[in-house]
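**Q** Note that the protein sequences, when read in sequence, are chains B, Y, C and D. For the first sequence, my numbering assigns the number 59 to the initial residue and increments by one for each residue that follows. For the second sequence, my numbering assigns the number 59 to the initial residue and increments by one for each residue that follows. For the third sequence, my numbering assigns the number 429 to the initial residue and increments by one for each residue that follows. For the fourth sequence, my numbering assigns the number 429 to the initial residue and increments by one for each residue that follows. Backbone N, C-alpha and C define an ideal beta-carbon position, used for all residues, glycine too. Note that the structure is predicted; figures quoted are calculated from it, not measured. Quick one: this structure, given as C-alpha cells, is what I'll be asking you about.
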Amino acid sequence: VHEPLLSEKDETTVDVREASPLPDDLTREELTLPAPSEPEIARHYTRLSQMNWAIDSGPYPLGSCTMKYNPKFTEDVAADPNAAIHPDRSARAAQGNLELQYRLQEFLGEIGGMDAVTLQPPAGAAGEFTGIAVAKAYHEHHGNDRSEVVIPASAHGTNFATAAMAGYDVVELPSGDDGRVDVEALEAAVGDDTAALMLTNPNTVGLFERDITEIAEIVHDAGGLLYYDGANLNALLGRGRPGDMGFDVMHYNVHKTFATPHGGGGPGAGPVGVVDELAEFLPAPRVRETEEGSGYEPFEPANTIGKVHGFGGNWLVLVKTYAYIARLGDEGLADAAAKAVLNANYLAERIDLDVPYDPFHHEFAATAGDRDAADVAKRMLDFGVHPPTTKWPEMVPEAMLTEPTEIEGQSSLDDLAEAFNLAYADTDDALDAAPSRTAAGRIDQVGAARDPRLSWQALDGE
Amino acid sequence: VHEPLLSEKDETTVDVREASPLPDDLTREELTLPAPSEPEIARHYTRLSQMNWAIDSGPYPLGSCTMKYNPKFTEDVAADPNAAIHPDRSARAAQGNLELQYRLQEFLGEIGGMDAVTLQPPAGAAGEFTGIAVAKAYHEHHGNDRSEVVIPASAHGTNFATAAMAGYDVVELPSGDDGRVDVEALEAAVGDDTAALMLTNPNTVGLFERDITEIAEIVHDAGGLLYYDGANLNALLGRGRPGDMGFDVMHYNVHKTFATPHGGGGPGAGPVGVVDELAEFLPAPRVRETEEGSGYEPFEPANTIGKVHGFGGNWLVLVKTYAYIARLGDEGLADAAAKAVLNANYLAERIDLDVPYDPFHHEFAATAGDRDAADVAKRMLDFGVHPPTTKWPEMVPEAMLTEPTEIEGQSSLDDLAEAFNLAYADTDDALDAAPSRTAAGRIDQVGAARDPRLSWQALDGE
Amino acid sequence: MYKRQERDIRAECSRIFARNDDLVEFLGRGHYGHYVPSVVDHLADRAEFLTSYTQYQPEISQGFLQALFEYQSMLVELTGLPVANCSMYDAATALGEAATLADRVRSTSGDVALVPEQLREGKRAVLENYCAGADLSVETYPMADGNADIDALADRAGDDTVMVYAENPTVRGCIEERLAAVGDLAADADALFVLGSDPVSLSVLQEPASVGADVVVGEAGALGLPTAYGMGLGLFACRDDFLRQVPGRLVGAGEDAAGDRAFTLTLQTREQHIRKERATSNICTNQAWVALRAAIHAATLGPDGLVDLANDCVREAAALADRLDEVKGAAAPVHDRHHVREFAVRVDQPAAAIAGDLEAEGFAVHAIGEHLLQVCVTDLNAGRTDGLVAAFEEVI
Amino acid sequence: MYKRQERDIRAECSRIFARNDDLVEFLGRGHYGHYVPSVVDHLADRAEFLTSYTQYQPEISQGFLQALFEYQSMLVELTGLPVANCSMYDAATALGEAATLADRVRSTSGDVALVPEQLREGKRAVLENYCAGADLSVETYPMADGNADIDALADRAGDDTVMVYAENPTVRGCIEERLAAVGDLAADADALFVLGSDPVSLSVLQEPASVGADVVVGEAGALGLPTAYGMGLGLFACRDDFLRQVPGRLVGAGEDAAGDRAFTLTLQTREQHIRKERATSNICTNQAWVALRAAIHAATLGPDGLVDLANDCVREAAALADRLDEVKGAAAPVHDRHHVREFAVRVDQPAAAIAGDLEAEGFAVHAIGEHLLQVCVTDLNAGRTDGLVAAFEEVI
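Here it is, written out as C-alpha cells:
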C-alpha cells in the first residue's frame with residue numbers, strides 16, 4: 059500500500075510577477091505546488107485516510123493518552139455556521155457564542171469543583187502553562203518569589219517542560235514503593251521555594267493518591283499551591299472532584315475526559331479551573347452574565363496574566379465539549395468513569411502480562427517482563443488493534459500502559475486481550491519481524507532522525 | 059478481511075407486549091435485533107466501507123453505467139434542512155422547493171432540447187417507464203392502439219423490460235455491420251403497430267447514430283414516436299440535443315450525466331423530457347410559474363398519466379443535479395463531454411485489446427478475444443482498478459465496455475491501461491486465481507444462487 | 429446556463445430553500461419524519477458507500493453487500509417473511525411491483541387488484557400505472573370506521589381477484605384489528621395478501637407473516653431518511669415461493685475461492701440486464717444507499733429503541749387526539765381505533781379553511797375531507813403539540 | 429447537569445448560536461476568513477483522520493503522516509525555509525515559541541524581543557507570557573506610515589536584542605517594503621529575524637528566505653479554517669541550523685523494513701515526552717487536523733488559485749479603500765502602502781461610535797483608534813462591499 063506524494067503526481071509553477079498587481083520588488087518570482095483536480099484530491103486523501111488507524115477502526119488503548127470514541131452529533135453541533143464568527147465582533151453581536159462559553163465555564167467548574175474557569179488554553183499542555191503562570195502570578199502578587207515546582211517522577215513530560223517554560227526549577231519527586239507519592243519524600247521536597255506541586259490523580263499507573271488530603275496539607279502548609287493535571291480526570295468523574303480534594307488549580311484535557319476528537323494530534327483544548335483566590339489571575343477575557351442578567355459579556359480578571367492564545371482558544375473543540383457534557387449529564391459522566399474502571403480491570407484480568415501496581419482505576423501499567431514492550435506492541439498491530447503506550451512510565455519495567463476506556467464492549471476487550479496474549483507469547487523472530495500485516499513494515503526511526511528529510515523538496519533527486 | 063454480521067456481535071430480544079400500550083392481539087410477541095453501541099456501529103460501518111470500492115477510491119470505468127466523481131459541495135447543498143420538508147405541504151408554504159424544481163425542469167429542457175420536463179421518475183428505468191407510458195397515453199388519446207416497441211439488440215436490458223412492463227410487445231432490431239442501427243432493417247420493422255423506437259445515442263458501443271435524421275423520419279412517418287435513452291447523454295452535451303435530432307421523449311440519467319452519486323445502487327433520478335405534443339400526458343404534478351409571476355405552483359397536465367412515484371421522486375438527488383449543472387454551466391457541460399470522448403480515445407489507444415467498432419465517443423467496447431472478459435476483469439481488480447462492464451453488449455465478443463469519463467487525468471488513464479494490459483497478457487492460471495489481492499477471493503455466484511441465503515436468519519445454525 | 433462557483437451556488441440554494449415557510453409539520457399520511465441520529469449521516473456519507481456503484485464486482489464490494497444483507501435481515505425479522513429485497517423506490521412503486529408479482533404468480537385467476545377505499549391518492553395513482561401494463565384493474569373495497577370492512581371485502585373478493593391490499597396502520601393511522609381475516613379472505617380467493625406498513629410500526633404491530641401476508645410493502649424510509657420532500661425507500665418482502673419472481677436486487681451469502689463467507693448479488697437471472705423483457709421488473713438503480721441509512725438507523729435504536737419509538741407513536745397520537753377532542757368544534761379521533769402516529773379530526777368548519785388558518789399560525793396539517801383534518805405526531809413534533817392545540821383553539 | 433438527547437442538544441445549540449447577530453463581517457487584523465471548499469470538510473472529516481491520535485505507531489498511521497509531511501512541504505515552498513513543523517496552536521503562540529527559540533539559540537547576547545509598535549494586542553500578550561518564563565522582555569520599535577521604521581529600528585536593535593519581529597502584511601494590512609533591511613539589521617545585531625505572515629499572502633509576497641528571515645510564524649488557518657471564533661493554526665518554519673531546537677512535531681521520510689519509503693514523527697528527542705524540562709517546548713497536542721485542512725485547501729486551489737486569491741485580496745482592498753475614500757468624512761487607506769485584504773480608514777467622527785452605527789446597519793468593522801477604523805475584505809465579503817459603502821455613507 060503506497061500513495062504517491064501530491065508533488066509526485068503534479069507540480070505546477072506560476073509566474074507570480076506576471077499575475078500580480080503589485081510591484082515586482084514586493085513579490086516572489088514564482089510559486090511551485092501541486093495543482094490536482096478535485097477527483098484527484100478526493101482520492102488522494104481517501105486513500106491516505108484508509109492507511110490510518112483511528113478510534114473508529116478499533117480499540118486504541120493508549121494509557122494516559124486516553125483515546126475514546128467521539129459521538130458524531132458533536133461534530134454537527136460544532137459545524138453550525140452561525141457559530142463560526144470572527145473573534146473581533148462586539149460582545150453585543152456575539153451573544154450566542156458568549157452564552158455557550160459561559161455555560162461551558164459553569165459545567166467545567168462544577169465538574170472540577172473549581173470556582174472559576176478559563177476556556178482559552180488550546181491544549182492540555184497550554185493549560186498546564188496557564189495554570190502554572192497563574193500560580194506564579196499569585197505568588198508574585200503576594201510578594202512571594204518562589205522558584206521551584208515539585209513533580210512526581212511518574213508525571214507526564216509536559217509537567218516538567220511546562221514548569222521550565224514558566225521559568226521554574228523542577229524538583230523531581232521519586233515514587234513510593236506502592237507507586238504513589240511518598241509522603242515523607244514530599245515533606246522533604248517542599249518548602250519556602252515551592253511554588254506548586256503538580257499531581258495527576260489517579261496517577262499515571264492508574265493508582266488513586268489515597269493520601270491526597272495529607273499531600274494537600276503539606277503543600278499548603280509550605281505556602282505552595284496544588285496543581286491537578288486533568289489527564290486522568292475521566293477516571294474520577296462522579297466520584298470525586300479535584301477542588302474537593304484540596305487542589306487549587308487544574309486543567310481539563312477535553313479529548314481525554316469529554317471525548318472530543320484528537321484529530322491525529324490536535325486540536326485539543328485545555329481549560330483551566332482555579333479556586334477563588336486565583337480567579338483574578340486567569341487569562342483575559344473570561345465570560346460572565348451581565349449585571350442585568352439579560353446577556354453575557356467578556357471581562358478582564360483584575361490581575362490577569364494576559365493571554366495564552368491569540369483569541370479564545372480552540373472554539374470548535376470547546377463546542378464539542380459542551381455538547382458531550384450536555385449529552386451525558388452527571389449521571390452519564392459518572393457511568394463513563396465507572397465503566398472505564400471496570401473495563402480496565404476486566405482487561406487486566408484477561409491478559410497474561412503482570413500488572414505490578416494495583417488497585418488501579420481506569421488504566422494499568424502491565425509489564426512485558428523480559429520481552430521488549432515496543433516489540434510486543436508492534437506485534438499487536440498484526441492482530442488488528444492499536445497497542446498501549448509503551449515503556450512509560452519508567453517505574454514499571456517494559457511498561458505497557460493500557461487504558462481501554464469506557465467505550466469498549468466485552469467482545470472488543472476480549473479481542474484486545476487476545477492480541478496482548480498472542481503477541482506476548484510470540485517468538486522473538488515474530489516480534490522482530492512485526493508488524494507484517496500493516497501498510498508499512500517496521501519503520502527505522504533512528505535512521506529517519508539521523509538523516510532528517512522533512513519535505514518533498516528534501517526528497518528531490520532521490 | 060472479515061467483519062462479523064451485526065447479529066453475530068449481539069442479538070437482543072424485547073418482549074413487545076410487556077412494553078406496548080396496545081392490546082396484545084394487535085401486537086407481535088417479541089422483536090429480536092442487534093443492539094450495538096454507537097462506537098460499535100461506527101466501527102462496523104467504517105470497516106465495511108473500507109471493504110468497498112468507490113469512485114473516490116480510483117478509476118471505475120464501467121461502460122454505459124457511467125461512474126464519475128461527484129463534486130462534494132452538491133452534498134452540502136442537498137443537506138440543507140430547510141429543503142427537507144414534507145411533500146404534503148401547501149404550495150404556498152413550499153415555494154423554495156417548487157422554485158428549485160422549476161429551475162431544474164428548465165435546465166433539463168434546455169439541455170435536452172425538450173419542451174416539458176417531469177422530475178418525478180426516481181431512476182432511469184422509472185424514466186423509461188414514464189416515457190413509454192406517456193407515449194402510450196399519447197397514442198391512445200389519438201385513438202391509435204399500437205402494440206409494439208422497437209428496440210435495437212444492443213440496447214440496455216431496461217428498455218426491453220420497460221416496454222414489457224408498459225404492456226408492449228418488443229421488436230428487437232439487429233445491429234448493422236457497422237454497429238449502428240441498420241436503416242433498412244428499421245424500415246422493415248416499423249409500421250402501424252409501432253408505438254415507439256427506443257434508441258441510445260451514442261449507442262452502447264459508443265458509436266454516434268449518424269443516420270438519426272433518417273431514423274427519425276422513418277419512425278415518424280410510421281406514426282411512431284422516437285424515444286431517447288439518456289444513458290449516454292453525457293457524450294453529447296454541448297454538441298447536440300436529442301430534441302434537435304427528432305426525439306420526442308427522453309429520460310435523463312442524472313448520475314450518469316450530472317455526477318450525482320450512485321450510492322451503491324441508488325437512489326438515482328430519471329427526469330423525462332418531451333416535446334410539446336406530449337406535455338399534456340406527463341405525470342402530475344409538474345411545476346410552473348404562477349400567472350402573476352411571483353411564485354411557483356404545481357399543476358396537473360391535462361391528460362396526465364397520473365403518477366410514477368408516491369411523491370415527487372428522489373428529491374435529494376434532484377437537488378444535487380441542479381447544483382452540478384449550475385456549477386458547470388453550458389461551457390462546463392460541453393467540456394465534460396469533450397474530455398470524456400478524449401479520455402476514451404486516449405485509453406483505447408493505450409490498451410492492447412482490439413476495439414472492433416469506431417469512431418467511438420465517450421466509451422468503447424474492447425474485446426478480450428480468446429480470453430474470458432470476466433476473468434480479465436477479475437484480474438484487473440488485483441491491479442488496483444475497477445474493471446469495465448464485461449460481456450456486454452453481446453455484439454462484441456468477450457466485450458469489455460469501457461468508459462473512463464472526463465474525470466480521469468492522464469496518469470490515472472495510464473494506470474488503467476496498464477491494468478488492462480497486464481491482466482490481458484497474464485497466464486490462464488493467474489486469471490483463474492484472480493482476484494488474489496482483494497478482501498474476498500473469487501466468489502462462487504452460481505453456488506450462491508443455487509442455495510440462496512438472503513438473511514442472517516437463513517445462516518443460523520451454519 | 430453560465431458557470432458558477434460552488435460557493436455562489438450554495439448561497440443561492442440556501443436562499444431558495446429559505447423561501448419554504450418555517451412551519452411545524454404535523455404531516456404524515458404514509459410519509460413520516462423521525463429524528464435521524466447524526467451517526468447515520470456520518471457513516472452513510474462515507475465516500476466508499478455514497479460514491480460506489482452497484483456491486484457488479486462483489487470481491488471489492490463486500491462492505492456494501494454485507495450492509496444490504498443486514499438490511500434484508502432486519503426486514504425479515506420485522507415482517508416474519510423469509511425474503512426481502514434490498515430496496516424499491518418507495519412504498520407506492522413497491523405496491524405496484526407487488527401487483528405485477530401477483531399478476532405473474534396468480535395470472536390464471538383474474539385481473540383485479542383490490543385496495544382499500546381509504547388510500548393515498550398518489551399511491552393508488554402509481555399502482556394504476558403499474559397495473560395498466562399488466563392489464564389489471566384496481567378496485568376498492570369499503571372501510572368501516574377506519575378499518576377494512578371485512579364483510580364487504582368478503583363479498584367483493586372472488587375469482588377475479590389476484591391481490592388484496594391492506595395497510596397497517598392505515599393511511600389514517602388506524603391499526604387494523606382483523607388482519608388475519610383479511611388474510612383468510614385473500615387465501616380463499618387464491619389472491620395474494622399484500623400488506624403495507626413501515627419498519628417502525630412493524631416493531632410492535634402484529635407480524636405480517638402471522639396474519640397470512642404473502643407480500644409486505646411499505647415505506648422503509650421512516651428509518652434513516654428525513655421527510656425529504658417525499659423521497660422514499662420501498663420495502664418489499666415476500667414468501668419463499670415467490671423467490672424467483674421477486675422484483676429488484678437480492679444480496680445473498682455465498683463463498684469465495686478460499687471457502688470464506690462472502691456476499692454477492694444473487695438470482696440475477698430475474699433482472700432486466702439478463703432476462704430483458706421477461707424480467708420480473710425493469711428496476712435497475714434502486715435505493716441502496718437509503719437502505720443503508722435505514723439499517724444504520726435501526727442499529728442505533730436497537731430493538732428496544734424501535735419498540736419505544738413505536739410505542740411513543742401510539743401514545744402521543746392518543747394523547748394529542750384527546751387534547752384536540754377537547755377543542756370546541758373539533759372531534760378526535762374520528763375512528764374508534766388504536767392509532768399509530770396519526771389520526772383524523774372532524775371539524776365543524778370547512779377543513780381546508782382551518783388548515784389554511786393553522787398554516788398561518790405556523791402549523792401544517794392535512795385537510796382530507798370537507799370537514800376532516802388529519803394530524804400526525806412523531807418524536808420530531810411531539811414537543812410542539814401545545815402550540816398546535818393552542819392554534820386549533822385560536823382558529824376554530 | 430442532567431442528561432439530554434442529542435437531538436435536544438442540537439436544537440439548543442442551534443438556538444444559542446442564532447443569538448449571534450447576523451452581520452456581514454469586514455474583520456481581519458491577522459485572522460482571516462476565506463471560502464473553504466466543501467471538499468475540505470468532506471475529506472478532513474473522514475473518521476480515520478478526525479478520530480485518530482498522534483502517530484505514535486507510524487506503521488498504521490502512514491496516511492496522516494504523509495498528509496502532514498505534505499503540509500510541511502507546502503510551507504517550505506511558501507517560506508523558502510527548509511524546515512516547517514506540522515503545527516503550533518496559532519500565530520500568537522507560534523510567535524511565543526519563536527521567542528523562546530531565539531532565547532535558546534541567541535541566549536548569550538541579550539534579553540530583548542523587538543516587536544512592531546503596531547501589533548495585535550492579543551498576540552503581544554501571548555508573547556509576553558512566553559517571554560516571561562525565558563526572562564526576555566518585549567519591547568517595540570516604531571513604525572512609519574504603516575511600515576517598520578527602518579531608521580528607528582536601526583537605532584533600537586543592538587546587543588541586547590535576541591529577536592526582531594516584523595509582519596508582512598502588517599496587522600493593518602500593509603505590505604512591508606524594506607523587509608531585507610529589517611533582515612540585515614537583525615543579522616547585524618545577531619538577533620533572529622522572525623517574520624509573521626500567512627500562506628495566502630506568502631503566495632505572492634516576497635519569499636521570507638530571500639529577505640533573510642530566520643523563522644516564519646503566522647496564521648496558517650487562513651487556509652482550511654473558517655474564522656471559527658479565533659481558532660487558529662500556528663505556522664512555524666525556520667532555517668536548518670535550528671532543526672534540533674524546533675518546537676513541536678516534525679514528520680520525516682524514512683524507510684520501513686522492506687526498504688520502502690515511509691513516514692514517521694522524527695527528532696522526538698526535542699520533545700517533552702522524552703526531554704522533559706529540557707524540551708524545546710511543552711507542546712504535545714497541536715493542531716494536526718487543522719494542518720490537514722490547510723493542506724487540502726491549498727491542494728484545491730493549487731498555485732494558480734493561491735496566487736489568484738492573494739491577488740484578489742490586494743485588488744479588492746485597494747478598490748474598497750478607494751470607494752471609502754470618496755465617502756465624505758472618511759479617508760482610506762490611511763497608510764500610503766500596498767495592502768493585502770485590509771487597510772485603516774480615518775474618520776472625522778469617533779471611530780467607536782461609527783463602528784457601532786455600522787453594526788446596527790449589519791456590518792462589522794474594527795475600531796482601532798479614536799478616529800481609526802480598519803476594514804478587511806476577502807472573497808467571502810467582496811460581494812457585500814456595496815452595502816458597506818452605503819452604510820458608511822449612511823452613518824458618517
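(1) Between C:R765, C:R743 and C:D753, which lies nearest to C:R774 when the distance is taken from Cα to Cα?
(2) Closest to B:V207 by CA distance: which of B:H214, B:A221 and B:H197 is it?
(3) For chain Y, find out if any of its Cβ atoms is closer than 7 Å to the Cβ of C:H766; answer yes or no.
(4) Compare the C-beta of D:S480 with all C-beta atoms of chain B and state if any pair is closer than 7 Å.
(5) Rounded to the nearest angstrom, what separates Y:H309 and Y:V277 at their Cα positions?
(6) Are the CB atoms of C:T694 and Y:A507 nearer to each other than 7 Å?
(7) If we cut at 7 Å on Cβ distances, does D:L529 have a partner in chain B?
(8) Strictly under 7 Å for the Cβ-Cβ distance: is Y:N202 near chain C by that measure?
(9) Pick out whichever of B:G499, B:V434 and B:D509 has its Cα sitting closest to the Cα of B:Y482.
(10) Measuring only the C-alpha atoms, how far is Y:S35 from C:D785?
(11) Using the beta-carbon count (16 or more within 10 Å), is Y:T362 buried or exposed?
(12) 7 Å is my cut-off, CB to CB: does Y:P417 come that close to chain B?
(13) I'd like to check one pair, C:V511 with C:C666: are the Cβ atoms closer than 7 Å?
(14) From what residue to what residue does the alpha helix (DSSP H) around C:A665 run?
(15) Determine the chain C residues that contact Y:H420 at a beta-carbon separation under 7 Å, and present them in chain order.
(16) Output needed for C:S417: all residues of its chain with C-beta closer than 8 Å, excluding positions within five of it in sequence on either side, in chain order.
(17) Tell me, please, whether the CB atom of B:Y103 is closer than 7 Å to any CB atom in chain D?
(18) Only counting runs of 4 or more residues, tell me where the alpha helix (DSSP H) segments fall wholly within the region 704-732 of chain D, in order along the chain.
(19) Any contact of the region 707-726 of chain C with the region 181-189 of chain Y, i.e. 3+ C-beta pairs under 8 Å?
(20) Please determine, among Y:G387, Y:D487, Y:D236 and Y:F422, the residue with the shortest C-alpha to C-alpha distance to Y:D269.
(21) Using only CA atoms, which one of B:L255, B:E133, B:E88 and B:A191 lies nearest to B:A337?
(22) With a 10 Å radius around its C-beta and 16 neighbouring C-beta atoms as the bar for buried, classify C:Y657 as buried or exposed.
(23) Determine the DSSP secondary structure at C:G491, reduced to helix, strand or coil.
(24) Could one say the Cβ of D:S442 lies closer than 7 Å to chain Y's Cβ atoms, at least one of them?
(25) Cα separation between Y:S205 and Y:V248?
(26) Under the assumption that Y:E461 contacts Y:G121 (Cβ atoms under 8 Å), give the Cβ distance between them as a whole number of angstroms.
**A** Walking through what the data contain:
(1) Measuring from the Cα of C:R774, the nearest candidate turns out to be C:D753.
(2) Residue B:A221 is the option with its Cα nearest to B:V207.
(3) Output row for C:H766: interface = yes.
(4) Using beta-carbon distances, D:S480 counts as an interface residue toward chain B, with a partner under 7 Å.
(5) Roughly 19 Å between the two C-alpha positions.
(6) Their beta carbons are under 7 Å apart, which means C:T694 touches Y:A507 by this criterion.
(7) Not closer than 7 Å to any Cβ of chain B, the Cβ of D:L529 fails to qualify, so no.
(8) Answer no: the Cβ-Cβ gap between Y:N202 and chain C never drops below 7 Å.
(9) If we check each option's Cα against that of B:Y482, B:V434 comes out closest.
(10) Since the displayed chain Y opens at 59 and closes at 520, residue 35 of chain Y lies outside it and no answer follows.
(11) Buried is the call here.
(12) No, Y:P417 does not count as interfacial toward chain B.
(13) Going by C-beta atoms, C:C666 is nearer than 7 Å to C:V511.
(14) No alpha helix (DSSP H) contains C:A665, which is instead part of the beta strand (DSSP E) from G662 to C666.
(15) Around Y:H420, no beta-carbon contact reaches into chain C at under 7 Å, the shortest distance being about 16 Å.
(16) This structure cannot settle anything about residue 417 of chain C, because the visible part of chain C is limited to 429 through 824.
(17) By this cut-off, B:Y103 is an interface position.
(18) Qualifying alpha helix (DSSP H) stretches: none in this window.
(19) Touching, per the Cβ criterion.
(20) Ranking the options by Cα distance to Y:D269, first place goes to Y:D236.
(21) Among B:L255, B:E133, B:E88 and B:A191, the Cα nearest to that of B:A337 is on B:A191.
(22) Buried, since its Cβ has 16 or more Cβ neighbours within 10 Å.
(23) If DSSP states are grouped into helix, strand and coil, C:G491 belongs with the helices.
(24) At least 7 Å separates the CB of D:S442 from every CB of chain Y.
(25) Going by the C-alpha atoms only, they are around 11 Å apart.
(26) The Cβ separation is near 4 Å, so the contact holds.
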